[in-house]
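Letter 25 of the sequence shown, counting from 1, is numbered 324 in the numbering used here, and no numbers are missing.
Scroll down for the structure; my scribbles are underneath it.
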Amino acid sequence: MNSNSFLIKGWTITLVSALFALAAKDSNSLYVLLTYIPTPIFWILDGFYISQERQYRDLYTKIAQTKETDIDFSLDASDFNKDRNTWGSGILSKTLIPFYGIVILITIVVMFVIK
């Protein structure tokens, strides 16, 4: 899950910087406005992967503390979808807010500089 999250962050930076390059080339701020579409989508998808990773870490912790004879070998982590493991808490995690917040702030600054 962590590698998926890393790839999404890479795609976010790549796509946003490509749109910034197009906006600077044509002096058209509409390209900058296009960054407001994929950034929240990637943020939500990244939050999903964070929440899934937390659920599987909690499942691993539970299995590690269980006797070997009582383990059922189920990989269903939906039982661990609690307060800190929900999709919303993944989106609002302390690792994603600064990353995507900075991307949005840079987009706002670039939009006013190109204008």
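Backbone N, C-alpha and C fix where the C-beta goes; we use that ideal spot for every residue, glycine too.
Query, Result
"CA-CA distance, D345 and T311?", "10 Å"
"For I401, which residues of its own chain have a beta-carbon under 8 Å away from its beta-carbon, when the five flanking residues on both sides are left out?", "none"
"Which whole-angstrom value describes the C-beta separation of S304 and S350, a residue pair presumed to lie in contact below a C-beta threshold of 8 Å?", "Not quite, the Cβ-Cβ distance comes to about 11 Å (not below 8 Å), so this is no contact."
"Can you give me the C-alpha to C-alpha distance between N301 and Y355, rounded to a whole angstrom?", "12 Å"
"Might you give, ordered along the chain, the residues of its own chain that have their beta carbon closer than 6 Å to the beta carbon of P337, omitting 5 neighbours on each side?", "L314"
"Closest to N380 by C-alpha separation, out of I370, F347, S316, would be which residue?", "F347"
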